[in-house]
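The numbering of the sequence shown is the numbering used here, which starts it at 444 and goes up by one.
Cβ atoms here follow ideal geometry from the backbone N, Cα and C, with glycine treated the same way.
Here the structure is a predicted model, which means the values were calculated and not measured.
Notes follow once the structure below has been shown.
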Amino acid sequence: MLDLNRLLLFIAILSPVVVLVRTARRAALNRAWQLAAFLVLGVTGLAWLALPHLAGYVGGGAWFVLLFLPAVGLRKEAELVNAERYGAARRVIGALRWIHPARALRDEFLFLRAMEAAQNGATEEAAQLLHDLRGDTRAALQVVAQSFRIRGDWAGLIGWCRGSLPQVTLGREPMVLPLYFRGLGETGALDDLVLQVVGQAPRLLASPQHQGTFDASVLAMLAFTGRVEALAHLLKTRFARMPAETKEFWIGTSELAAGATGAGHQRLAALQNKTRNALLRADTATRFRPGQAARVELTPTTEATVRRFEKNLATRRRSVLAPESSLPTFAVAAIIVLNVAMFLLETKLGGSTNYGTLHRLGALEPSAVLARHEYWRLGAALFLHYGVLHLFVNSYALYVLGPTLESSLGSFRFAVCYLVAGLGSSAGVVALWRLGWTRADLLVGASGAVMGIVGAWAGLLLRHHRLPMARRRLVTIGAIVVMQTFFDFLTPQISMAAHLCGLVSGLAIGLLLAPQQEAW
444 MLDLNRLLLF IAILSPVVVL VRTARRAALN RAWQLAAFLV LGVTGLAWLA
494 LPHLAGYVGG GAWFVLLFLP AVGLRKEAEL VNAERYGAAR RVIGALRWIH
544 PARALRDEFL FLRAMEAAQN GATEEAAQLL HDLRGDTRAA LQVVAQSFRI
594 RGDWAGLIGW CRGSLPQVTL GREPMVLPLY FRGLGETGAL DDLVLQVVGQ
644 APRLLASPQH QGTFDASVLA MLAFTGRVEA LAHLLKTRFA RMPAETKEFW
694 IGTSELAAGA TGAGHQRLAA LQNKTRNALL RADTATRFRP GQAARVELTP
744 TTEATVRRFE KNLATRRRSV LAPESSLPTF AVAAIIVLNV AMFLLETKLG
794 GSTNYGTLHR LGALEPSAVL ARHEYWRLGA ALFLHYGVLH LFVNSYALYV
844 LGPTLESSLG SFRFAVCYLV AGLGSSAGVV ALWRLGWTRA DLLVGASGAV
894 MGIVGAWAGL LLRHHRLPMA RRRLVTIGAI VVMQTFFDFL TPQISMAAHL
944 CGLVSGLAIG LLLAPQQEAW
């Protein structure tokens, strides 16, 4: 049976090591994360020396507080900022300030407070807070850009951006880009807007952390070029947390650009009468100025570019390096449900730790496969688990790793990859047992297939190694594999053979099924 203390100890060591590896190249920008990682390792090491039988619980607790919660919180804050829900984002950062050793969180807190004040109509307070934040802070560019935005000085924003933002790279604050793109749309520089968004798309899509920035950039382009249906779909699928009033503003803007003047004005007039958001009310007022109701006319080249971009948005999966969603996708959800259903069946028929029950339901027994030709056990064992902790660990790993790969491969290919890697894991164990290289007499669990997902990720990254961050992610995967192997070596109850065979099978199928990266 799995030892929870040892499992947590493994997490408390692996996770900080992965963080240190991923932040090594940009150490100056990630001091807080590195400090948090060293704190987790230090606490875990001291606990191991003083109370080895509780070290996993202590280290796991430190990992949860210092690394897991901040990571989840910052991701949540980014989603809220992209949805312009500054008050909710400020509350998230306010909570994180107590548990994460980053001075930048204080600046972020004040910045969000300023934006919340602007939405509430306290323009002078917002301007003063932003002025106080100018200087050598990580959010300096964002602060200056939002100062222009609050004043409605879009021309000034564009001039400043062109002198401050790199034209061929993302720069150190990519979150400023959507505001720049909006400025181009507000001033009618539509050809430049489309060219800039399309040019930055590959770089933004290369990293999961820039997905929100990409979506916000596309939102601006679709709105100002009058793509009402595509914009509505984007708002529904990628901006679920955006307030309904803000969505109405962007749809109304797109309707005006498309020439639907009556519908656009009616929608925006209703919005202006009911909204309490001062920024949104001011933005809506600008739509009634002369010239704002005219249908936009794009050059043939720009029109063709927008159409191609729309087609890619409608047919593409996410970048092979980035997730479509943090929520379980169809195949991942189906596999987790099937695992839980089989676990309930195990419990009903005698218990998930009852060897007789596991045998009847299809546990992997190399002798039965070879002597009695019970090949069905190769697949059945992937959906059985020994105890609730075993089920939880494998389901959680699938929940974390699966959606990203499924979004890149598609549900059917992902399911094929998962099953083939799992079958490869089971077949490899049987072969090694036959050669006398492993003594596993009875195995259950999805961990071989889950390691196949890691291998498939490596295969995709190898096929697309020229993309930004691909090599960095390969290093991260290498660290995961090394630590998993080390953990398997220290835990006799876990089959190293199953994990390694699943990893190799997943790598092969990932190389085979890796999709072509879309050209934007």
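Here L821 is not bridged, per DSSP, to any residue. In this structure the region 534-541 does not touch the region 689-698; the number of beta carbon pairs closer than 8 Å is below three.
Scanning the region 458-513 from its first residue to its last, the whole alpha helix (DSSP H) runs of 4-plus residues come out as 474-493, 498-506.
Counting only residues of its own chain and dropping the five nearest sequence neighbours on each side, L572 has a CB closer than 8 Å to the CB of L553, F554, R556, A557, A560. Beta-bridge partners of L886 (DSSP): L807.
Each residue's CA atom was taken as its position, placing E567 and E691 some 27 Å apart. Within the same chain, Cβ atoms closer than 8 Å to the Cβ of L801 are found at E789, S795, L827, Y829, L885, V887, the five residues on either side in sequence being excluded. A contact between stretches requires three or more CB pairs, one per stretch, nearer than 8 Å, and the region 877-884 fails this requirement with the region 854-864.
The residue from V586, L821, A663 with its alpha-carbon nearest to that of G805 is L821. Secondary structure note for L665: its alpha helix (DSSP H) is the uninterrupted segment 654-667. Distance from the CA atom of P686 to the CA atom of L523, rounded to whole angstroms, is 10 Å. A distance below 6 Å between beta-carbons, with the five flanking residues on each side excluded, links L792 to the following residues of its chain, in chain order: T800. A residue is called buried once 16 or more other Cβ atoms fall within 10 Å of its Cβ, and A700 is buried on that count. Less than 9 Å divides the Cβ of F855 from the Cβ of A774. I952 has its alpha-carbon roughly 27 Å from the corresponding atom of A784. When L954, R882, S938, E746 are compared, the shortest CA-CA separation from V897 is found for L954. Between H708 and F731, the C-beta gap is smaller than 9 Å, which places the two residues in contact. Looking at the backbone, the Cα of R605 and that of L584 are separated by about 12 Å. For L711, the CB contacts under 6 Å within the same chain, skipping 5 residues up- and downstream, are G695, T727, R730 in chain order. Under the three-pair Cβ rule at 8 Å, the region 657-669 counts as touching the region 737-750.
In the displayed model, M685 falls within coil according to three-state DSSP, outside both helix and strand. Cα atoms of K717 and L905: separation of roughly 53 Å, rounded to the nearest angstrom. In this structure, A455 sits near T487, with a CB-CB distance shorter than 9 Å. In chain order, A498 place their CB closer than 6 Å to the CB of W491, counting only its own chain and leaving out the 5 sequence neighbours on each side. Assigned with DSSP and collapsed to three states, G949 falls in helix. Per DSSP, the unbroken alpha helix (DSSP H) holding N837 starts and ends at 831-852. Exposure of D575 is indicated by the presence of fewer than 16 other C-beta atoms within 10 angstroms of its C-beta. Per DSSP, reduced to three states, the secondary structure at N797 is coil, with no helix or strand assignment. Just so you know, the alpha carbons of L852 and V843 end up roughly 16 Å apart. Excluding the 5 residues flanking it on each side, N720 has same chain C-beta neighbours closer than 7 Å at Q562, E688, in chain order.
Remark: C-beta atoms of F657 and Q639 do not approach each other more closely than 9 Å. Judged by DSSP secondary structure, S938 falls outside any alpha helix (DSSP H); it is assigned neither H nor E.
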